[in-house]
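Protein chains in written order, with this note's numbering: chain R, 21 to 246; chain W, 21 to 246.
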């Protein structure tokens, strides 16, 4: 399948590499590919600059947000939450209309120090903001509840025996995302409900950030036991 | 140990009965014991009126919030989050000062329909509001992340193989709460950090509410796998 991944950070890279490894035809989108390819310093999380990563992933295309969205039958939002609406605007409604958008972004506010707070919570969510801004896009919130490496390979923690959530208004779109998740190795995919349930998946991130601080390692997840 | 439990709803009753069963000397506190004992209708969750429950629990005392707080060496806040600060004010700073307060309440806002939203989240928490209002009280947030029956008996779900959190500024107070939790059967007690980490434990409730809707049963919890 042709897939566009918006965002060149660790989440975008990890998901793009996983999808390419599963034989999908992947293009990563960024605001300005020339700027992205001119970077020489590690990012704020210590990841190597994008050109270094790209050398190991020649099978993955690089273009603008609009190029990547136009390329994809399926589009992934892996941009930082604070710029997601802007990035999707740059991708263009005409390139997203009617398509499935897997939204992984979290509404992190880094301006108040660490751990981050959420710039929207409880009565609204970033997933809903995106769905309202792009009513013709089939938005599914998923994979925002764990570290990028665990997203792409759940077997890294507890042999994959833990849970992932899907939220969205379109049942078929959620099933398509669940299929992708199962191809990553996810076994317990829980449908939380319509896109308002993204309030739950994003609200959990407040706990995730504290667990990360308490456990001192990012390689963990939650298993819903019942 | 002498324990005061503030709140006569299902959480207060369930925790009080559990503690009394463990040979603690428990008094439940309410705003007006005469009013509470005159109730004849089930509450909004369908629980029997308090006098019916009390007949089966003669070993548990009943008094005002102030009576119960004065009685307890250890005090439990099991009131509704929206009235917790008011109830603790009625309990009286002089009856709480220096004591350990186990805060189970959640900041649920029921005014916007179901599922509830949270009246404070992300940048503050009810746990912090209580700690700020009562700086001389050793507040520990715990047990707010699951159904009341699971709180008191974790073995009801997955043989007790799941997690509970403690948040607070006083390490000794958190250890005292952990000891009580272990006496209930909890094995995985995770210290999330200082009282600001109550933002995580309370923020998770947004997910908990959606999971309840998705699973259609309240008997579940999360296990932190790592």
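No residue lacks a Cβ here, since even glycine has one placed at the ideal position from N, Cα and C.
So with Cβ pairs under 8 Å, would you call residue i a contact of chain W?
i	result
residue 211/R	yes
residue 231/R	yes
residue 202/R	no
Which chain W residues sit within Cβ distance under 8 Å of residue i?
i	result
residue 224/R	223, 224, 226, 227
Does any CB atom of chain R fall closer than 8 Å to the CB of residue i?
i	result
residue 38/W	no
residue 241/W	yes
residue 245/W	yes
residue 175/W	no
residue 125/W	no
residue 182/W	yes
residue 46/W	no
residue 247/W	Not covered by the structure: residue 247/W. The range shown for chain W is 21 to 246.
Quick one: residues in its chain with C-beta nearer than 7 Å to the C-beta of residue i, no 5 flanking neighbours on either side, listed in chain order?
i	result
residue 242/R	182, 183
residue 228/R	165
residue 231/W	240
residue 211/W	186, 194
residue 170/W	176, 177, 239, 241
Output, in chain order, the set of chain R residues within a Cβ distance shorter than 7 Å of residue i.
i	result
residue 154/W	Within 7 Å Cβ-Cβ: nothing; residue 154/W doesn't reach chain R, min ~22 Å.
So, at 6 Å on beta carbons, what are the nonlocal neighbours of residue i in its own chain, with the 5 sequence-adjacent residues on each side left out?
i	result
residue 217/R	187
residue 189/R	214, 215
residue 251/W	Lying before the first or after the last residue shown, residue 251/W is absent from chain W, which here runs from 21 to 246.
residue 50/R	28, 56
residue 47/W	24, 81, 83, 88, 91
residue 45/W	22
residue 107/R	26, 85, 99
residue 234/W	none
residue 139/W	127, 129
residue 168/R	30, 31, 34
residue 117/W	156
residue 158/R	120, 190, 193
Considering only DSSP beta bridges, list what residue i is partnered with.
i	result
residue 137/W	129/W
residue 22/R	45/R
residue 235/R	Paired residue(s): none; residue 235/R is not in a bridge.
residue 245/W	241/R
residue 123/R	97/R, 161/R
Would you mind telling me which residues of chain W sit closer than 7 Å to residue i, beta carbon to beta carbon, in chain order?
i	result
residue 130/R	By Cβ distance, chain W contributes nothing, its closest Cβ being about 13 Å from residue 130/R, past 7 Å.
Which residues in the same chain as residue i place their Cβ atom closer than 8 Å to its Cβ, once the five residues preceding and following it in sequence are excluded?
i	result
residue 65/W	29, 30
residue 164/R	123, 124, 125, 126, 221, 222, 225
residue 173/W	38, 204, 205
residue 32/W	25, 26, 48, 96, 98, 99
residue 59/W	69, 70, 71
residue 52/W	84
residue 61/W	69
residue 101/W	125, 126, 127, 128, 139, 146
What does residue i touch in chain R if you count any residue whose Cβ is under 8 Å from its own?
i	result
residue 81/W	Neighbours of residue 81/W on chain R: none; closest Cβ ~35 Å, over 8 Å.
residue 237/W	246
residue 234/W	210, 211, 212, 213, 217
residue 178/W	245, 246
residue 220/W	226, 227, 228, 229, 230, 231
Anything in chain R within Cβ reach of residue i, meaning under 9 Å, just list it in chain order.
i	result
residue 138/W	141, 142, 143, 223
residue 32/W	Result: empty, since nearest Cβ-Cβ is about 24 Å, beyond 9 Å.
Determine, using beta carbons only, whether residue i comes closer than 8 Å to chain B.
i	result
residue 180/R	Within the model displayed, chain B is absent; protein chains R and W are what it includes.
List, from N- to C-terminal side, the alpha helix (DSSP H) runs of 4 residues or more that fit wholly inside the segment 45–70 of chain W. Within the segment 45–70 of chain W, the complete alpha helix (DSSP H) runs of at least 4 residues are 53–57.
Jot down the residue ranges of each uninterrupted beta strand (DSSP E) in the segment 66–100 of chain W, minimum 3 residues, whole runs only, in chain order. For the segment 66–100 of chain W, whole beta strand (DSSP E) runs of length 3 or above, ordered along the chain, are 81–84, 94–97.
| request: Kindly provide the ranges of any alpha helix (DSSP H) runs that are 4 or more residues long and lie completely inside the segment 147–224 of chain W, ordered along the chain. | output: If one requires a minimum length of 4 residues, the alpha helix (DSSP H) runs lying completely within the segment 147–224 of chain W are 168–172, 191–204, in chain order.
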